[in-house]
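Residue numbers (the working numbering), protein chains in the order written: chain U, 4 to 92; chain B, 1385 to 1955.
Cβ coordinates follow ideal geometry from the N, Cα and C atoms, glycine included.
All of these numbers come straight from a predicted model, not from anything done at the bench.
Beneath this line is the structure, given in structure tokens, with notes to follow.
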């Protein structure tokens, strides 16, 4: 067996994209595209806010509505997309 | 499909646009063409026309920019956000912005249009062979003047067809030098430059002087991107240098080592370890045509769709043979109507072109009047609606608010401030209906009345009735216990509410539109998502819960919260 590559992560000068954790990516994504904003504005919390916001995002993107930060949801958040929020605020 | 709050749209059909600046990634004629084709996607299915302006203010102002480009929504470097656009209106409204940290192509790698040579501006053909060697990029091989060129057919040796590739040695764009090529070296602020630079600019665009002294002549232009140049990083415009050393190891091709996101990069000098100069390797890039067609959908009034194959779906995916999805067509025709004239586009095939309803003749469920023989339940005149905390349903029929409760209803005359009239027996006017009505609405076009109770619905046309029928016939799921509210939206569309979701019914087609259900509070934020009554009255949406109502204006802003009994029933 060949030795697995020992990946070293380097911060490249001038690189705008910072290495974010999946949780940071999700929080940033849900806020940027209006999912969290709505939840707060409505004020009627029927579930934990991030869970509900994730469900909204999963429904918008045609993913399985689990309310969890699962793999397919994270991958979807990394996909290139339009900057207009999905939920108008 | 979705539209913006208040169905924002242009109030004229001859829409104008203007291209304010260009990306260095594609020759400007390719960019012009991509935008023109993107507008044609929408003009092909609507009465809209798109006219390009070359100065002044157009409805849709188009520009490229990087990171913070002057509006409150900065872009984010390569990938991620690709572009954004604003709904129709004045000022920045209607404008479309494209992230120039992206690599703009036609979706299949560098889009290289040649100049001069003998190919009349044809595109490079990759790969091509030249002197027994295959090339997948432009090359300076075979030339002493260092100008990059390519063949415009697969085999230069056989066809001898070629053209010169975009490079700062051939031309510049923008600036004030009428497209003249760069002169190297040139002097800027006393310092000599022998390549394009971003010095002196805050927008990150590479430029050069077109004479040997910018300080003296102030002549300049922007440098086109070479197809071999890296994207982003800190050496934009420079080609990869192979081999290069990274963490002591030699690389002679692009690598994703050192990155957590898997993106391919290369150094632009022989040692990243020493010089730290790098950039992302050219990839397929993003189709400017596809992204522009999507953004122009926003600029015309369409919001994001959750139908994966629709153009207005928010995520990018490359499609080779593009055709507009029926969801996009229905959405844009909802706003602007279908195309008229020599090659009209018929309304969507699912919706019948006649006014007759496509009822199935399922005899077991349907009855027609007057065979219904019910006895009118006596009303209890002593019942005071002002004492109720909650009604079965509240709706508007013939312009008047109707309050239903336990087989009786009250009416609010729209012309006077008197209290409610009634009670009247539901069975007296609509004999087929049960005592408890969950929701009801009047179809604006045909004046038909729809009544819902549990999982059944009735349709009254004057005194004739069809039903009860199962709400599944309308395409609602069998998981629904009851329809709690209905909002007629005009043009044959009605929103039906149940629990924390709502569906959009196409009344003519008798089916639920694709892309539903949606979360109520995703669209109607600020109202309770378990309202037991939803109706529209005098241009406002009303969401009721217990004794209270939340009133929303056409821009979906809650502008009032009050008591049903005092404000609506005038108790």
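Compare the Cα-Cα distances from residue 1507/B to each of 1452/B, 1930/B, 1496/B and report the closest residue.
-> Selection 1452/B, 1930/B, 1496/B evaluated against residue 1507/B yields 1496/B as nearest (Cα-Cα).
Cβ-Cβ separation, residue 1898/B to residue 1691/B (assumed contact under 8 angstroms), whole Å = Indeed they touch by this definition, with Cβ atoms about 6 angstroms apart.
Check the Cβ-Cβ distances between residue 70/U and every residue of chain B, and say whether any is below 9 angstroms.
-> Cβ-Cβ to chain B under 9 angstroms: no for residue 70/U.
Return no unless some Cβ of chain B is closer than 9 angstroms to the Cβ of residue 73/U.
-> No, residue 73/U lies away from the interface with chain B (no Cβ there is under 9 angstroms from its Cβ).
Nearest-angstrom Cα separation, counted from residue 1806/B out to residue 1779/B | Straight-line spacing of the CA atoms in residue 1779/B and residue 1806/B works out to 15 angstroms.
Taking all protein chains shown into account, decide if residue 1407/B is buried (16 or more other Cβ within 10 angstroms of its Cβ) or exposed.
-> So residue 1407/B counts as buried.
Beta-carbon neighbours of residue 1699/B, restricted to chain U and to distances below 9 angstroms = Near residue 1699/B (Cβ distances below 9 angstroms), the residues of chain U are 64, 79, 82, 83, 84, 85.
Pull up the CB-CB distance for residue 1498/B and residue 1537/B, whole angstroms please, since I reckon it's below 8 angstroms.
-> 12 angstroms between Cβ atoms; not a contact.
Give the DSSP-derived three-state secondary structure of residue 1673/B in the structure shown.
-> Here residue 1673/B sits in helix by DSSP.
Is there at least one Cβ from chain B nearer than 9 angstroms to residue 12/U's Cβ?
-> Chain B, which has a Cβ nearer than 9 angstroms to the Cβ of residue 12/U, makes this yes.
Given that a residue counts as buried once 16 or more other Cβ atoms are within 10 Å of its Cβ, and exposed if not, what is residue 74/U?
-> By the 10 Å Cβ count, residue 74/U comes out exposed.
Skipping 5 residues on each side, what residues in its chain have a beta carbon closer than 8 angstroms to that of residue 1755/B?
-> Interpretation of residue 1755/B is limited by its pLDDT of 40, a score under 50 that renders its predicted location unreliable; the figure taken from the coordinates is listed afterwards. Sequence-distant partners of residue 1755/B (beyond 5 residues in either direction) whose C-beta falls short of 8 angstroms from its own C-beta are missing from its chain.
Report buried or exposed for residue 1678/B, applying the criterion of at least 16 other Cβ atoms within 10 angstroms of its Cβ.
-> Result: buried.
Do residue 1607/B and residue 1580/B have their C-beta atoms within less than 9 angstroms of each other?
-> Taking 9 angstroms as the Cβ cut-off, residue 1607/B and residue 1580/B qualify as a contacting pair.
Give the secondary structure of residue 1852/B by DSSP, where H, G and I count as helix, E and B as strand, and everything else as coil.
-> Strand at residue 1852/B.
Residue 83/U by DSSP, collapsed to three states: which one?
-> Collapsing the DSSP output to three states places residue 83/U in coil.
Would you kindly work out how many angstroms separate the C-alpha atoms of residue 1520/B and residue 1883/B, rounded to a whole number?
-> If you draw a straight line from the Cα of residue 1520/B to the Cα of residue 1883/B, it comes to about 57 angstroms.
Could you tell me how far apart the beta carbons of residue 1662/B and residue 12/U are, in whole angstroms, since I believe they sit closer than 8 angstroms?
-> Rounded to whole angstroms, the Cβ separation of residue 1662/B and residue 12/U is 14 angstroms, and the two are not in contact under 8 angstroms.
Between the CA atoms of residue 1683/B and residue 91/U - distance to the nearest angstrom = C-alpha separation (whole angstroms): 15 angstroms.
Sequence-distant residues of the same chain with beta carbon closer than 7 angstroms to residue 1502/B, five excluded per side = Within the same chain, and ignoring the five residues on either side of residue 1502/B in sequence, the residues whose Cβ sits closer than 7 angstroms to its Cβ are 1545, 1546.
Give the straight-line distance between the Cα atoms of residue 1459/B and residue 1465/B, rounded to the nearest whole angstrom.
-> Straight-line Cα distance between these residues: approximately 6 angstroms.
Could you spell out the range, first to last residue, of the alpha helix (DSSP H) harbouring residue 1419/B?
-> Per DSSP, residue 1419/B is one residue of the alpha helix (DSSP H) stretching across 1412 to 1427.
Is there at least one Cβ from chain U nearer than 9 angstroms to residue 1634/B's Cβ?
-> Chain U, which has no Cβ nearer than 9 angstroms to the Cβ of residue 1634/B, makes this no.
Bridge-paired residues (DSSP) for residue 1623/B | The partner list for residue 1623/B (beta bridge, DSSP) reads 1613/B.
Going by Cα to Cα distance, which pick from 1437/B, 1438/B, 1828/B, 1468/B is closest to residue 1450/B?
-> The candidate whose alpha carbon is nearest that of residue 1450/B is 1468/B.
Runs of alpha helix (DSSP H) lying entirely within the stretch 1500 to 1543 of chain B, each at least 4 residues, in chain order | Runs found: 1540 to 1543.
Burial state of residue 1526/B (16 or more Cβ within 10 Å) | Here residue 1526/B is exposed. Its C-beta has fewer than 16 other C-beta atoms within 10 Å.
Residues near residue 24/U in its chain [Cβ-Cβ closer than 8 angstroms; skip 5 each side] | Non-local beta-carbon contacts of residue 24/U in its own chain, meaning distances under 8 angstroms to residues more than five positions away in sequence, are absent.
Quick one: list the residues of chain U neighbouring residue 1690/B, beta-carbon separation under 9 angstroms, in chain order.
-> Correct list: 62, 63, 64, 65, 89.
Residue 1626/B burial status per 10 Å Cβ neighbour count (16 or more: buried) | In the assembly as shown, residue 1626/B is an exposed residue. Its beta-carbon has fewer than 16 other beta-carbons within 10 Å.
Residue-chain proximity (residue 59/U, chain B), Cβ-Cβ < 9 angstroms | Closer than 9 angstroms: yes.
Got a sec? Which residues, its chain only, sit under 7 angstroms from residue 1773/B by beta carbon, not counting five neighbours each side?
-> Correct list, in chain order: 1930, 1931.
Same chain only: Cβ atoms within 6 angstroms of residue 1574/B, ignoring 5 sequence neighbours per side | Nothing listed; no residue qualifies.
When DSSP labels each residue in this structure, what does residue 1572/B get in the three-state scheme?
-> Here residue 1572/B carries a strand assignment [DSSP, helix/strand/coil].
Can you name, in chain order, every residue of its own chain whose Cβ lies under 8 angstroms from the Cβ of residue 1923/B, other than the five neighbours on each side?
-> Closer than 8 angstroms at Cβ, skipping near neighbours: 1937, 1938.
Output yes if chain B places a C-beta closer than 9 angstroms to the C-beta of residue 18/U; else output no.
-> Closer than 9 angstroms to some Cβ of chain B, the Cβ of residue 18/U qualifies, so yes.
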